[in-house]
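*Asks:*
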Amino acid sequence: MDTNFATHYFERYKTLPPFLYDKPDEGLGIVVIIPCIDDDFIFRTLDSLESANAILPKIEVIVHVNSGERTPPDVIERNRVIFDGLRRKAETGFYKKFRLLPICTEGTAKKKAGVGFARKTAMDEAVRRFAAVGNPEGLIVSLDADTWVAGDYFQEIEEAMKKSGAMCYTFQFQHDYDTRHYSPEIINACKLYEIYLRYYRLALKIFDFPFAIHTIGSCFAIRANAYVKLGGMTSRQGGEDFYFLQKAVKMHPVHEVKVPIVFPSPRVSNRVPFGTGPSVRNIVEKGCYTVYNFELFRLLKVFYELFPAMEQNDLKKQVPPEIMEYIGNRSFDEILAECRNYSSSSKAFVKRMYDNFDAFFIVKFLNTFNNSIIYPPVDVLEAGRTLLDYYGAGLQNDIYEEIMRLDING
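Counting from 789, one number per residue, gives the positions in the sequence shown under this note's numbering.
1. I'd like to know if the stretch 914-923 and the stretch 827-844 are in contact, where contact means that at least 3 CB-CB pairs between them fall below 8 Å.
2. Run the CB neighbour count on C824, radius 10 Å, all protein chains shown included, and call it buried at 16 or more, exposed below.
3. Take E814 and list the residues in its own chain whose beta-carbon comes closer than 8 Å to its own, dropping the five residues that flank it on each side.
4. Quick one: any contact between the stretch 1020-1040 and the stretch 992-1011, if contact means 3 or more CB pairs under 8 Å?
5. Report whether the distance from the Cβ of C824 to the nearest heavy atom of the ligand NAD is below 8 Å.
6. Going by CA-CA distance only, name the one from I928, A910, N1070, R858 that's closest to C892.
7. Please determine, among S1132, Q1106, E1113, F1095, the residue with the shortest C-alpha to C-alpha distance to L1124.
8. Hey, out of G1182, V1138, F1091, whose CA is closest to I994's CA?
9. Of all the options S1067, L834, I843, R866, which has the alpha carbon lying nearest to the alpha carbon of F882?
10. If we count the other Cβ atoms within 10 Å of its Cβ and call it buried at 16 or more, is C956 buried or exposed?
11. Helix or strand or just coil, what does DSSP make of D1186?
12. Could you pull out every unbroken alpha helix (DSSP H) segment of at least 4 residues lying fully inside the stretch 825-897, listed in chain order?
13. Taking the alpha carbon of G1020 as the point to measure from, which residue in D912, V1079, Y1077 has its own alpha carbon closest?
14. Quick test of your reading: E944 and V1047, contact by CB under 8 Å. State the CB separation rounded to the nearest angstrom.
15. Assign H796 to one of two classes, buried (16 or more other C-beta atoms within 10 Å of its C-beta) or exposed (fewer than that).
16. So what's E1044 in DSSP terms, helix, strand or just coil?
17. Below 8 Å on the Cβ atoms is my guess for D828 versus I870; work out the distance and round it to an integer in Å.
18. For G939, is the classification buried or exposed, using 16 other Cβ atoms within 10 angstroms of its Cβ as the cut-off for buried?
19. Please classify C978 as buried or exposed, where buried requires at least 16 neighbouring CB atoms within 10 angstroms.
20. Please determine if the stretch 1011-1018 and the stretch 964-974 are in contact, where contact requires at least 3 C-beta pairs separated by less than 8 Å.
21. Does the structure place the stretch 1163-1173 close enough to the stretch 1072-1084 that three or more beta carbon pairs sit under 8 Å?
22. In its own chain, which residues sit with a C-beta less than 8 Å from the C-beta of N1159, not counting the 5 before and 5 after it?
23. Between A906 and P998, what straight-line distance do the alpha-carbon atoms span, to the nearest angstrom?
24. Pairing CB atoms from the stretch 1109-1118 with CB atoms from the stretch 1168-1185, are three or more of them under 8 Å?
25. Looking only at C-alpha atoms, which of E1099, F1157, I1150, D1121 sits nearest to S1132?
26. Excluding the 5 residues flanking Y984 on each side, which residues of the same chain have their C-beta closer than 6 Å to its C-beta?
27. Grouping DSSP H, G and I as helix and E and B as strand, with all else coil, what is S930?
28. Could you check the C-alpha separation between M949 and G1075 for me, to the nearest Å?
29. Within the same chain, show all residues whose beta-carbon is closer than 6 Å to that of F959, passing over the 5 residues directly before and after it, in chain order.
30. Under 7 Å Cβ to Cβ from L1154, same chain only, skipping five residues before and after it: list those, please.
31. Using the DSSP secondary-structure output, state which residues sit across from I959 in a beta bridge.
Written out as C-alpha cells, the structure reads:
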C-alpha cells in the first residue's frame, strides 16, 4: 500500500485544498471526474453511469460544479440548484453502482476559470482519494456533464486495464444523434465535425505517427501515478485534453478501447473555444465545413518517413520545401544535430525526432495553410472521400459510416 505516491506532486504543484475528507472505501479502483457548469444534463449522465453494468472494483464519481469571477449571476444560481440536487442524491445514497461526490467552486479568477481548471481540480481530488487507500494504479476516468455512456462502459474499461496494464487510455465514441433531443440540422452538422475528427486521426496514421490518438475530454482515462508524474492536468480554458494527452502519449503508450462507449452531446455551445459545441455552431452558421487538405498529410508522410535515415545521412533536400520553409534551415539543422548528439541508439534518435516534430508541430504547420491557394482547405466530405480512397476503403455506405468504421477498426 503506497499512500505517499502523490506527496511530491502536491508539494511541487499548485492545487486547491482538499474538498473531501472522509476515507474512501477499500477496493476503490475507478474515480470518474466530471466538470459541470450550468448543465442539468449531468443528471442524465449520472443515470447512464448508474445503468452501466456493475464491476468488482469500487467506483466514485466526482462532479465539480464550477464558475468563475465573471460568470453571470443567473448561471451561478443555476449552478447552486444543480449542486444542491447532486448533494441530496449523494446524501441519500441515490446511486447504487457508485458513490457520488459533488464538489463546488465559485469565483475562480478569470485567468484560471474554465474547463481545464475544473477538470484539473476534480482529477487532483481523485488522486487524493487513491492516495488515501494506497492505490497508485487507480484509474481516473474523465467524462463530461453532457455525455452519456454505454451499458458496458465500466466493463470495457476494466477489461482494458486487465489486458493491457497501460497507464493511459482513450475510448472510442459516437456523438448522441437521438432525434428526440436534437434537430436534424444539429445532427448533420455534428456528423460533419465527427468526420473531421476521424479524418484527422486517420490522416496522421498514413505515416504511422505515434501520437495519432483522439484527444477528447470525455473519452480518456489515466492511472493516478501516471497523472502525478506528468505534473497533472493543465489549467487551460480550452484544449486542455489535447495538451494533456499529447504529453501523456510521449511518456506512456496509450491503449485504445475500440468499442464506442461514450456518447457526447452534439449541442451548440459557446463555453469553450474548441471542441464539439463551437464547431457545431460554426457549421450551422456557415452552412459548410472545410478542413485541412489531404495533400498536406502526404507532404508530412514524406518528411516523417525520412527520420530513420536522417540519423546517418544528409537528407535535407528530400524534405518537402513547404515543410523546410516552415521549420527554417537553421532551426532544422540545430534540431537534427541535437537528436544525433544525444541519442544512444537509432531508436532513441527517431524518438527524439518525433518529440521535436510532435502533434503541436503538425497543427501549427497545417494552420499556416488556412488561406493557402496551393493547398486550400477542402470540404470535409471531399476530404473524407480522398482519405477513404487512399485507404482503399470504398464507399459501401455514406462517408460518415465508412470513416467511423475505418477509424474504429484501424
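Glycine included, every Cβ here is placed at the ideal spot set by N, Cα and C.
*Replies:* In brief:
1. Put simply, the stretch 914-923 does not touch the stretch 827-844. Fewer than three CB pairs are less than 8 Å apart.
2. Position 36 of the sequence shown, counted from the start, is the residue given in the question as residue 824. C824 is buried by the Cβ-count criterion.
3. Locating residue 814 in the sequence shown gives position 26, where the first residue counts as 1. Its chain contains K846, V921 as the residues whose beta carbon lies nearer than 8 Å to that of E814, once the 5 sequence neighbours on both sides are disregarded; these appear in chain order.
4. Segments in contact, yes.
5. Questions concerning the ligand NAD fall outside what the structure shown contains, since it holds no ligand whatsoever.
6. As a working mapping, residue 892 is identified with position 104 in the sequence shown. When C-alpha distances from C892 are compared across I928, A910, N1070, R858, the shortest belongs to A910.
7. The residue labelled residue 1124 in the question sits at position 336 within the sequence shown. Restricting attention to S1132, Q1106, E1113, F1095, the CA atom closest to the CA of L1124 is found in F1095.
8. If you number the sequence shown from 1, residue 994 lands on position 206. Closest in alpha carbon position to I994, among G1182, V1138, F1091, is F1091.
9. For the purposes of this step, residue 882 is identified with residue 94 of the sequence shown, where counting begins at 1. Of S1067, L834, I843, R866, the residue nearest in Cα terms is L834.
10. As a working mapping, residue 956 is identified with position 168 in the sequence shown. Its Cβ being crowded by 16 or more others within 10 Å, C956 is buried.
11. Reading the sequence shown from its first residue, position 398 is the one you call residue 1186. In the three-state reduction of the DSSP assignment, D1186 falls in the coil class.
12. DSSP assignment within the stretch 825-897 yields the following whole alpha helix (DSSP H) runs of 4 residues or more, N-terminal first: 830-839, 861-879.
13. Here residue 1020 is taken as the residue at index 232 of the sequence shown, counted from 1. Among D912, V1079, Y1077, the Cα nearest to that of G1020 belongs to D912.
14. To locate residue 944, count along the sequence shown from 1; it is residue 156. To locate residue 1047, count along the sequence shown from 1; it is residue 259. Contact flag correct, Cβ pair sits at about 6 Å.
15. Here residue 796 corresponds to residue number 8 of the sequence shown, with the count starting at 1. H796 is exposed by the Cβ-count criterion.
16. Walking along the sequence shown from the start, residue 1044 turns up at place 256. For E1044, the secondary structure class from DSSP, reduced to helix, strand or coil, is strand.
17. If you number the sequence shown from 1, residue 828 lands on position 40. If you number the sequence shown from 1, residue 870 lands on position 82. That belief holds up - the Cβ atoms of D828 and I870 are roughly 6 Å apart, short of 8 Å.
18. For the purposes of this step, residue 939 is identified with residue 151 of the sequence shown, where counting begins at 1. It is exposed - the Cβ of G939 has fewer than 16 other Cβ atoms within 10 Å.
19. Within the sequence shown, the letter at position 190 stands for residue 978. C978 is buried by the Cβ-count criterion.
20. Flag = no, the stretch 1011-1018 and the stretch 964-974 do not touch.
21. Note that the stretch 1072-1084 touches the stretch 1163-1173; at least 3 beta-carbon pairs, one per stretch, sit closer than 8 Å.
22. Translated into positions along the sequence shown, residue 1159 becomes position 371. Here the set comprises nothing.
23. Residue 906 sits at position 118 when you count from the first residue of the sequence shown. Residue 998 sits at position 210 when you count from the first residue of the sequence shown. Using only the alpha carbons, I get a separation of about 29 Å.
24. Fewer than three Cβ pairs drawn from the stretch 1109-1118 and the stretch 1168-1185 lie within less than 8 Å of each other, which leaves the two stretches out of contact.
25. Taking the first residue of the sequence shown as position 1, residue 1132 is located at position 344. Residue E1099 is the option with its Cα nearest to S1132.
26. Here residue 984 corresponds to residue number 196 of the sequence shown, with the count starting at 1. The answer, listed in chain order, is V1079, V1168.
27. Position 142 of the sequence shown, counting from 1, holds the residue named residue 930. The answer is strand: DSSP assigns S930 an E or B state.
28. Locating residue 949 in the sequence shown gives position 161, where the first residue counts as 1. Locating residue 1075 in the sequence shown gives position 287, where the first residue counts as 1. Spanning the alpha carbons of M949 and G1075 requires a straight line of approximately 42 Å.
29. Taking the first residue of the sequence shown as position 1, residue 959 is located at position 171. Around F959: C1007, V1045, I1049, V1050.
30. By 1-based counting over the sequence shown, the position of residue 1154 is 366. Excluding sequence neighbours, L1154 sits near Y1080, L1084.
31. Here residue 959 is taken as the residue at index 171 of the sequence shown, counted from 1. According to the sequence shown, residue 959 is Phe rather than Ile. Bridge partners of F959: V1045.
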